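For reference, the structure discussed in these notes is given below.
Numbering (the numbering used here), first residue to last: 54 to 171.
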């Protein structure tokens, strides 16, 4: 499984970015897809979760500004980030999971860097 994240870059506070994560196979084969981020010196954290087309989950810290969506036909998930803040600066990773014999098996994309500064 390959996950190709893209869409990162530099942006000013208050602007928006849309990240994409394209999977090398049908995303129907995954039980869960999600976006994480890792800021410099910090642990990787979950920012959005989309187990199916009608269910999304967000931590309270980003719930009002982040929107995750998926396009099953394109095998791609997206992360819309509005009203960017400097604290959004991080490498953003997508993750896909599927069931394994002994539990979930996770696959990570390579990450895309988002830098927010004025």
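Backbone N, C-alpha and C define an ideal beta-carbon position, used for all residues, glycine too.
Computed from a prediction, not measured in an experiment: that's the story for all the values here.
Every beta strand (DSSP E) of 3 residues or more that sits fully in the segment 70-148 is shown, in chain order, as 70-76, 85-91, 98-105, 108-110, 119-124 and 129-134.
In the structure shown, the three-state DSSP call for residue 152 is strand.
The C-beta distance from residue 68 to residue 137 rounds to 5 Å, short enough to fall under 8 Å.
Contact between residue 101 and residue 108 does not hold, since the beta-carbon distance rounds to 11 Å and is not under 8 Å.
Between residue 122 and residue 134, the gap from beta carbon to beta carbon reaches 8 Å or more. In this structure, the CA atom of residue 106 is about 29 Å from the CA atom of residue 64.
In the DSSP assignment, residue 57 forms a beta bridge with 75.
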